[in-house]
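Peer 1:
2 protein chains.
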Amino acid sequence: MSKGLPKRSDDYSAWYNELVKKADLAENSAVRGCMVIKPYGFSIWEKMQAELDRMFKETGHTNAYFPLFIPKSYLSREADHVEGFAKECAVVTHYRLKNSADGDGVVVDPDAKLEEELIVRPTSETVIWSTYKNWIQSYRDLPLLINQWANVVRWEMRTRLFLRTAEFLWQEGHTAHATKQEAWDESVQMMHVYAEFAESFMGVPVIRGIKSESERFAGAEETFCIEALMQDGKALQAGTSHFLGQNFAKAFDVKFADKEGKLDLVWGTSWGVSTRLMGALIMAHSDDEGLVLPPKLAPIQVVIVPIYRKEEERIAVSEKANELVKQLRAVGLSVKFDDRDTHKPGWKFAEYEMKGVPVRLAMGPKDLEKGTVEVARRDTKEKSFVPADDALTQYVLDLLDDIQKNIYDRALKHREELTTPVDTYDEFKRILDEKTGFVLAHWDGTAETEEKIKQETKATIRCIPMDAPEEEGVCIYSGKPSTKRVIFARAY
Amino acid sequence: MSKGLPKRSDDYSAWYNELVKKADLAENSAVRGCMVIKPYGFSIWEKMQAELDRMFKETGHTNAYFPLFIPKSYLSREADHVEGFAKECAVVTHYRLKNSADGDGVVVDPDAKLEEELIVRPTSETVIWSTYKNWIQSYRDLPLLINQWANVVRWEMRTRLFLRTAEFLWQEGHTAHATKQEAWDESVQMMHVYAEFAESFMGVPVIRGIKSESERFAGAEETFCIEALMQDGKALQAGTSHFLGQNFAKAFDVKFADKEGKLDLVWGTSWGVSTRLMGALIMAHSDDEGLVLPPKLAPIQVVIVPIYRKEEERIAVSEKANELVKQLRAVGLSVKFDDRDTHKPGWKFAEYEMKGVPVRLAMGPKDLEKGTVEVARRDTKEKSFVPADDALTQYVLDLLDDIQKNIYDRALKHREELTTPVDTYDEFKRILDEKTGFVLAHWDGTAETEEKIKQETKATIRCIPMDAPEEEGVCIYSGKPSTKRVIFARAY
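For the record, the sequence lines run as chains A and B. As numbered in my numbering, residues 1 to 492 make up the first sequence, in order. As numbered in my numbering, residues 493 to 984 make up the second sequence, in order.
If you want it as structure tokens, here you go:
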């Protein structure tokens, strides 16, 4: 580890950027807006993928793979959809290069122009519904419950590692149903699956809610979402699930015959989470020393660092350490024994703090004498000396559970402290500026008011919470009547 | 299942195409050359991925992710590489669409032209070595042992599902080393990993060898490969591993300081297998009734089909079947109980034959009386009646092992029968036309002879086998001296 990070309190944004680099998570590539996900960062993403994939399969979904390219004309089939996605996409126009006339490098071969341009998928509703048309004839073909893990491209102008990149990795579920109710239930179910994943694995508490019409997915009739609050008081949309109604079935003429043989349009949903979750994970828990990872997603859960001066000490400590490694791995823990002699223990401590390893064990000759090991937990930085015997395994397992719980509780407490109901527009603006966080306010339900508030304060409606209580009130902006509070925040 | 397949003996190519469709593996998409991998096909690919990924990790590799796009100029950095890949790539020239003037659809926005065109990666050596330049300073940073699972695009003119598609899925390993020997050993190791996977999991025997210079990867100094023989006597290259020498290090100026501080260029390898393996798997084992899958890669290893007429029979059979399901799943088998009442048993039998499920259990009222179950194995279509008791689990496990072994042995026997040493060019041509398969012949080692033989016979040098014995001989074409036989074949 070279130098430390900027302090969060000084410059949260610089702290994030540096942390992503110093913890070896990702970096910018030579292609504007496209990132390289480095091995350590990718191993966290793999853990996320594995858990999500298991949850999708447990709820009856299977994986498939659809093409990277979408014919340009497909995008225009659904009117709202094209408005949302045509503005920011990578367009393939040619299929060959040739040697340049001056012999220096290659140029696009003008003879190899495509008849119809291809769009690199920004999302796959169009290409998937054009395929579903051939897969669905009768109610017996329904439901289709399909997911894909894929890369997508949206030509964002201002990018930030994980949070907003031109290319990103994600999963996109696309389901087709015989009834409106079934499709509705599916989209609600997937919002809950995402929330369960965010809370139980990422340790990130989320609000489950519905997007306002202006924030809805282009082509959806309703968008469900999970919204998280970051340490700096800004919101981050962590996952969305869309009830598509019959919009894409209409656009691609996807009909099914019911039991009586009557033809009807199919109902659809789509839902996705992306490498953006990495950004949420980083910003929700980490501190000025580096990453703080929830044990359930940490590539290395326990690191053991030996401390010694002389060779015989090294041998004795290593022998004991290897016993502990074996013992801890036997219960399925991911354990690293860092016995490199090229780095000092202090350097290693700093490195594993930067990388967010939940539990660090350190052991030297004195520990051997006493039969103990020093256990340091990453989340609170507390240390304790614990007997290095058979009971250590259970101690570490309990500690990991406790860390998982603690970082969730801490994030929840933070969110609760930064959730403020307000009743006037002045108070609204003051809270946004001085306290930040989620602001609960009455809103008249119109896109005009939403847009004006956004223009004046940069705050958007994050969602209308699923569990918002009915409450008489008046819109903080227009004074018109309202029946429930919605959540406003400045957002990533 | 509607109609059956074309017979292999009548039209192998039509048989393959129909099988891929009827077994629900994949289909062509609306975008020329790009396929949709359907859920059943994808679940086989997922099993392949899981095993390969485990093998890569066991040999010390980690996964990462590099950008989809490559700046056009990068392709030209390595002279051979650009020759190999510039001819067939998808080129992104613009980053935005806009509404067309007539209001009907969208057009490419001419104002959104990229300064430098981007190539959709046909392979990632260039973008990865440009990244490695920043990751490698000293010998301490080496080796880098990185793999990525990704989609790539090569603009093939004639495409076939799995075998040759414009977009395909693959993994590409890219490693960097301090010494030539280490890089060489890595590329040899990965050839062996691929061979081990093909033989132990896919049940496909392969020849391990070295490519001739003309068939070498563009930018490599040596290409190792595994070559398989399909049922129709044509060869299929199933995986390649490249020793890159210092070529990409030179092109991207990647140097490291050794222990003495002296700067030297880094040595590299790259290696990959793709969804093409699906084509090899299908063509190696399947028959006129459908797929034959090796148990180790079968998404469903055992299917249970109940047979009944009356409701009380259905209830009794289902009860017993559910017991068996539980019993078989308890040892980790993937078991499907198909109790749909919308299809007859005979229809289901045909469907699972088409889908290659290795073991089928059928059970009716008579079996209940006798305490037996009918066990049918997919590979030989043999049936037997077996007691439906606790011992059934071991019986099925043994049977699956036997099927895995049998399909490998069968494919090996087929390859041995279709491997023919020849000593004259006339015999060479006759064997290629009449017998097909691998032809072992002496070759003078020149690209000219190789090219002429290819033009005259459509046969290419598949590889120079690793274990080819030293043997004095003369080239079948030029009559010049040769010291070992190489493998010729017509290939996919």
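Every residue gets a Cβ at the ideal spot worked out from N, C-alpha and C, and that includes glycine. These numbers come from a predicted model, not from an experiment.
1) Does K554 of chain A pass the burial test, meaning 16 or more other C-beta atoms within 10 Å, or should it be called exposed?
2) Roughly how many angstroms separate the alpha carbons of K499 of chain B and L511 of chain B, rounded to a whole number?
3) Identify the contact partners of K564 of chain B in chain A, using a Cβ-Cβ distance below 9 angstroms as the criterion.
4) For G356 of chain A and L293 of chain A, which I take to be in contact (beta-carbon distance under 8 angstroms), what is that distance rounded to the nearest angstrom?
5) Taking only the alpha-carbon atoms, compute the straight-line gap between N898 of chain B and K905 of chain B and give it to the nearest angstrom.
6) Just to confirm my understanding: we take L114 of chain A, look at its own chain, exclude 5 residues before and 5 after, and list those with CB closer than 8 angstroms. What are they?
7) Our contact map puts A939 of chain B next to E705 of chain B with C-beta atoms below 8 angstroms; I'd like the distance itself, whole angstroms only.
8) Do you know offhand how far Y566 of chain B's Cα is from E580 of chain B's?
9) Can you confirm whether T436 of chain A, when its beta carbon is compared against all beta carbons of chain B, has any partner nearer than 8 angstroms?
10) Step through the CB atoms of chain B and report whether any lies within less than 8 angstroms of the CB of K484 of chain A.
11) G525 of chain B and A658 of chain B - do their beta-carbons sit closer together than 8 angstroms?
12) Anything in chain A within Cβ reach of H586 of chain B, meaning under 7 angstroms, just list it in chain order.
13) Would a check of beta-carbon distances place S826 of chain B closer than 8 angstroms to chain A?
14) Could you confirm whether any beta carbon from chain B is found closer than 8 angstroms to the beta carbon of W155 of chain A?
15) CB E707 of chain B to CB T554 of chain B, shorter than 8 angstroms?
16) Going by alpha carbons, who is nearest to G4 of chain A out of A:E58, A:I487, A:E353?
17) At the level of alpha carbons, what is the spacing between H734 of chain B and N134 of chain A?
18) I'd like to know if R869 of chain B contacts chain A, where contact means its C-beta is closer than 8 angstroms to some C-beta of that chain.
19) Using alpha carbons as the reference points, say which of B:Q723, B:A727, B:T761, B:N509 lies closest to F740 of chain B.
20) Is the shortest distance between the beta-carbon of R632 of chain B and the beta-carbons of chain A less than 8 angstroms?
21) With DSSP as the reference, identify every bridge partner of H177 of chain A, one or two as the case may be.
22) N151 of chain A CB to nearest chain B CB: under 8 angstroms?
23) Would you report the Cα separation of V31 of chain A and L773 of chain B, rounded to the nearest angstrom?
24) Can you find at least 3 beta carbon pairs, one from the segment 299–313 of chain A and one from the segment 362–379 of chain A, that sit closer than 8 angstroms?
25) Given a cut-off of 8 angstroms on the beta-carbon distance, is the pair G711 of chain B and E570 of chain B in contact?
26) Using three-state DSSP, classify R821 of chain B as helix, strand or coil.
27) Between M1 of chain A and chain B, is the shortest Cβ-Cβ distance under 8 angstroms, so that the two count as touching?
28) Could you work out which residue in B:T885, B:K950, B:V574 is closest to I923 of chain B when comparing CA atoms only?
29) List the DSSP bridge partners of V302 of chain A.
30) Taking the straight line between their C-alpha atoms, what separation do you get for Y492 of chain A and E472 of chain A?
31) Buried or exposed, going by whether 16 or more other CB atoms sit within 10 Å of the CB of G838 of chain B?
32) Starting from K38 of chain A, find everything on chain B with Cβ-Cβ shorter than 7 angstroms and list it in chain order.
33) Any idea which residues DSSP pairs A868 of chain B with across the strands?
34) For W15 of chain A, which residues from the same chain have a beta carbon less than 8 angstroms from its beta carbon, with the 5 sequence-adjacent residues on both sides left out?
35) Compare the Cα-Cα distances from R652 of chain B to each of B:S521, B:E608, B:P602 and report the closest residue.
36) So the candidates are B:Q541, B:K726, B:V599, B:P531; which of them puts its Cα closest to the Cα of T928 of chain B?
Peer 2: Concretely, from the data shown:
1) Coverage of chain A is limited to positions 1 through 492, which leaves residue 554 of chain A absent and any answer about it impossible.
2) Cα atoms of K499 of chain B and L511 of chain B: separation of roughly 11 angstroms, rounded to the nearest angstrom.
3) At a beta-carbon threshold of 9 angstroms, the residues of chain A lying near K564 of chain B are L97, G105, V106, V107, V108, ordered along the chain.
4) Contact flag correct, Cβ pair sits at about 4 angstroms.
5) Roughly 10 angstroms separates the two Cα atoms.
6) Within the same chain, L114 of chain A has close Cβ partners V92, T93, H94, Y95.
7) Confirmed, about 6 angstroms.
8) Each residue's alpha carbon lies about 15 angstroms from the other.
9) No, its Cβ sits nowhere closer than 8 angstroms to a Cβ of chain B.
10) It does not; no Cβ of chain B falls within 8 angstroms.
11) Yes. Within cutoff.
12) For H586 of chain B, the neighbours in chain A by C-beta distance under 7 angstroms run, in chain order, V91, T93.
13) Residue contact with chain A for S826 of chain B: absent (no Cβ-Cβ distance below 8 angstroms to any residue of chain A).
14) Cβ-Cβ to chain B under 8 angstroms: yes for W155 of chain A.
15) No, Cβ-Cβ distance for E707 of chain B and T554 of chain B is not below 8 angstroms.
16) When only C-alpha atoms are compared, the closest one is A:E353.
17) Rounded to the nearest angstrom, the two C-alpha atoms are 41 angstroms apart.
18) Among the CB atoms of chain A, none fall inside 8 angstroms of the CB of R869 of chain B.
19) Distance check between F740 of chain B and each of B:Q723, B:A727, B:T761, B:N509 places B:T761 closest, using alpha-carbon atoms only.
20) Yes, its Cβ sits closer than 8 angstroms to a Cβ of chain A.
21) Partner(s): A:W267.
22) Taking Cβ atoms only, chain B reaches closer than 8 angstroms to N151 of chain A, which makes this a yes.
23) Approximately 37 angstroms, taken between the alpha carbons.
24) Of all C-beta pairs linking the segment 299–313 of chain A to the segment 362–379 of chain A, three or more are shorter than 8 angstroms, placing the two stretches in contact.
25) Closer than 8 angstroms, so yes.
26) In the structure shown, R821 of chain B adopts helical secondary structure according to DSSP, grouped into three states.
27) Because M1 of chain A carries a pLDDT of 45, less than 50, the predicted location of this residue cannot be relied on, and the following value inherits that uncertainty. So no, M1 of chain A is outside the interface.
28) The residue from B:T885, B:K950, B:V574 with its alpha-carbon nearest to that of I923 of chain B is B:K950.
29) Answer is A:V335, A:V359, bridged to V302 of chain A.
30) As the crow flies, the alpha-carbon of Y492 of chain A is around 30 angstroms from that of E472 of chain A.
31) Label assigned to G838 of chain B: exposed.
32) Per Cβ cutoff of 7 angstroms: A556.
33) As computed with DSSP, A868 of chain B is found in a beta bridge with B:R852, B:K875.
34) Same-chain partners within the cutoff: L5, P6, K7, R8, D288.
35) Measuring from the Cα of R652 of chain B, the nearest candidate turns out to be B:S521.
36) Looking at the Cα atoms, B:K726 is the closest of the given residues.
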